[in-house]
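In my numbering, the protein residues as written are 640 to 1008. Don't be surprised by glycine CBs; every beta carbon is placed ideally from N, CA and C.
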Amino acid sequence: MLKTNFLGIELNNPVIVAAGPWNMDGANLHDSIAAGAGAVVTESIVSDTMIDVGPRIACDENGAQNIRLYSDIQIEGWEREMEIAKSDGGVVIGSISAHSPSELAYLASKLEKYGADAIELSVSNPMLESLEVVASHADVIYEMTKAVVSAVRIPVMVKLSQNTTNISKVAKAVKEAGGSGVSAINTVRGILGVDLEQARPMLSTYGGVSGDYIRPMALASVATIAQTVDIPISGIGGISSGRHALEFMMLGASTVQVGTAVMLQGKKVIRTIVDEMQEWMEANGEKDPQKICGRALSNLKSFDEMRYEPFVSTVIGVPCEEHCDRCVETCMYKAIAKAGKTVHVDRTNCTGCGLCTFICPAKKLSLGL
Ligand SMILES: Cc1cc2nc3c(=O)[nH]c(=O)nc-3n(C[C@H](O)[C@H](O)[C@H](O)COP(=O)(O)O)c2cc1C
């Protein structure tokens, strides 16, 4: 039921394991495939491997910050790793990163030779400032994409960054250069937090933030690309459940990628995400994931298209059995009162902001005209 086609490649399902150290070598890629992924992306491969600093990964309950650089394995070593990764079949996408188009073309042609099914250009590393800048230069991305597209026959996608002023312009450049698709987003430059007692940031330099923290930005990036450029999109950022994956698909992604959830929960989360997607589709009579792709976009307007509507909150059903006053305490318009188990909305004060409908744990409030 979840079988799909992405960039001309048949996938068992749309859930791809993203580039990162959980896919650092052939054995890990093989495990990700065995855990149920529709495809896997290698950790980014570079020409000159660099020594990692430590500590380099911090996390909390909402996500992670990392300063891990790239694959430790030289490009030649990937011949053997690809063999291991693909030993039981499975789709492997080779992620590469470099500063020059010719270097990228070289890495891509090597990986094609080693059996990669597609290439992902990772051009948006939030630790290396020069690459972070590249991510917003459509002309540079055009040259990089064109060089790689000319060097290989397999599909090429480009991984975009949210840290750019115009993600659509960059996605258009990828399409014009012959790229088959884009993935979005990479991690977002940030600092996870500060240990107050030691006066020390969690990691000792700025890093890439991932996980729940970045899902809203990632959803917006995917929707923006989908509304402006006709190109297949792989949605990435904070996906840890089937519902998250489907949200990205409804906003225009045809596949999704999962990184931090695999890092923090282990590879079993891949099967959970796939199963949850399948359950939702069965329960909703859906048979083809591609039919879901972009379905929510017609309900996503630009702010200029929004019309004034005199919404007010209405209480759905009494009594309210919740032992909380959150609707009353958080109503900025002083429109909600509670007496015992009865909630009352003063329609003259309510301006239809909608906050209470999200705040109420029992979903007792809804907006209506
Ligand atoms: C520890 C770590 C290492 C990563 N390494 C790479 C990498 O080598 N290449 C790349 O393109 N993205 C890399 N990423 C970014 C992820 O592939 C993904 O785009 C990002 O983390 C957002 O998705 P997530 O919230 O599901 O993790 C890395 C992320 C983390 C957390």
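Cβ-heavy atom distance, residue i to ligand 1, below 7 Å
i: Asn-667; result: no
i: Ala-724; result: no
i: Asn-705; result: yes
i: Val-897; result: yes
i: Ser-789; result: no
i: Glu-700; result: no
i: Glu-944; result: no
i: Gly-847; result: yes
i: Ser-860; result: no
i: Pro-694; result: no
i: Glu-720; result: no
i: Asn-825; result: yes
i: Pro-928; result: no
i: Pro-653; result: no
i: Ala-810; result: no
i: Glu-815; result: no
i: Met-902; result: yes
i: Ala-697; result: no
i: Ile-875; result: yes
i: Ser-761; result: yes
i: Pro-1000; result: no
i: Gly-850; result: yes
Cβ-heavy atom distance, residue i to ligand 2, below 7 Å
i: Val-797; result: With respect to ligand 2, the structure offers nothing, as its ligand set consists of ligand 1.
First and last residue of the uninterrupted beta strand (DSSP E) at residue i
i: Asn-644; result: 643-645
i: His-883; result: Run containing His-883: none in the beta strand (DSSP E); it sits in the alpha helix (DSSP H), 881-889.
i: Ile-1009; result: Absent from the structure is residue 1009, since the part of the chain shown begins at 640 and ends at 1008.
i: Ala-697; result: 696-699
i: Gln-904; result: Here Gln-904 belongs to no beta strand (DSSP E); instead the alpha helix (DSSP H) covers 899-904.
i: Val-797; result: 795-799
i: Ser-849; result: 846-849
i: Thr-990; result: Counting along the chain, Thr-990 falls outside any beta strand (DSSP E), and DSSP gives it neither H nor E.
i: Leu-1006; result: 1004-1007
i: Ala-703; result: 702-705
i: Ala-823; result: 820-823
Neighbourhood of residue i by C-beta, 7 Å cutoff - its chain only, sequence neighbours within 5 removed
i: Ala-790; result: Ala-744, Ala-747 and Ser-748
i: Tyr-781; result: Ala-812, Glu-815 and Ala-816
i: Arg-934; result: Met-889
i: Gly-818; result: Thr-784, Val-788, Val-795, Met-796 and Val-797
i: Leu-1008; result: Glu-948, Pro-949 and Phe-950
Residues that DSSP places opposite residue i in a beta bridge
i: Asp-670; result: None, per the DSSP bridge assignment.
i: His-983; result: Ala-976
i: Glu-649; result: Asn-644
i: Arg-839; result: Asp-834
i: Gln-896; result: Ile-655 and Ile-875
i: Gly-829; result: Gly-846
i: Ala-676; result: BP columns for Ala-676 are empty, so no partner.
i: Val-953; result: According to the sequence shown, residue 953 is Thr rather than Val. Answer is Ser-1005, bridged to Thr-953.
Enclosing alpha helix (DSSP H) for residue i [first to last residue]
i: Ile-909; result: 907-922
i: Lys-977; result: Taken as a continuous stretch (DSSP letters only), Lys-977 belongs to no alpha helix (DSSP H), being part of the beta strand (DSSP E) at 975-978.
i: Lys-808; result: 806-815
i: Ala-757; result: It is not in any alpha helix (DSSP H) - Ala-757 instead sits in the beta strand (DSSP E) that spans 757-761.
i: Asp-778; result: 777-790
i: Ile-875; result: Taken as a continuous stretch (DSSP letters only), Ile-875 belongs to no alpha helix (DSSP H), being part of the beta strand (DSSP E) at 872-875.
i: Ile-998; result: 994-998
i: Gln-866; result: 854-867
i: Gln-929; result: 928-931
Same chain only: Cβ atoms within 8 Å of residue i, ignoring 5 sequence neighbours per side
i: Ile-864; result: Leu-799, Ile-806, Ser-807, Ala-810, Val-821, Ala-823, Ile-870, Ile-872 and Gly-891
i: Gly-898; result: Val-656, Ala-657, Ala-658, Gly-659, Trp-661, Ser-849 and Ile-875
i: Met-916; result: Leu-641, Asn-652, Pro-653, Val-654, Gly-881, Ala-884, Leu-885 and Pro-928
i: Ala-857; result: Gln-801, Ala-823, Ile-824, Gly-874, Ile-875, Gly-876, Gly-877 and Phe-887
i: Cys-963; result: Pro-1000
Own chain partners of residue i with C-beta closer than 6 Å, once the 5 adjacent residues on each side are dropped
i: Ala-859; result: none
i: Val-779; result: Val-773
i: Glu-742; result: Ser-686
Segment contact, 8 Å Cβ cut-off, at least three pairs: the segment 642-656 with the segment 675-689:
By the criterion of at least three beta-carbon pairs nearer than 8 Å, the segment 642-656 is in contact with the segment 675-689.
Kindly confirm or deny that the segment 957-969 and the segment 910-927 touch, where touching means at least three C-beta pairs closer than 8 Å.
Verdict: no, contact absent.
Three Cβ pairs or more, each shorter than 8 Å: is that satisfied between the segment 748-757 and the segment 801-812?
Three or more Cβ pairs closer than 8 Å define a contact, and the segment 748-757 falls short of that threshold against the segment 801-812.
If contact is defined by three or more beta carbon pairs under 8 Å, each pair taking one atom from either stretch, is the segment 723-735 in contact with the segment 832-846?
These segments do not touch.
Are there three or more Cβ pairs, one per stretch, closer than 8 Å when the segment 688-697 is compared with the segment 705-719?
The segment 688-697, when compared against the segment 705-719, does touch it at the 8 Å Cβ threshold.
For the segment 906-923 against the segment 941-948, are there 3 or more C-beta pairs whose distance is under 8 Å?
No, the segment 906-923 does not touch the segment 941-948.
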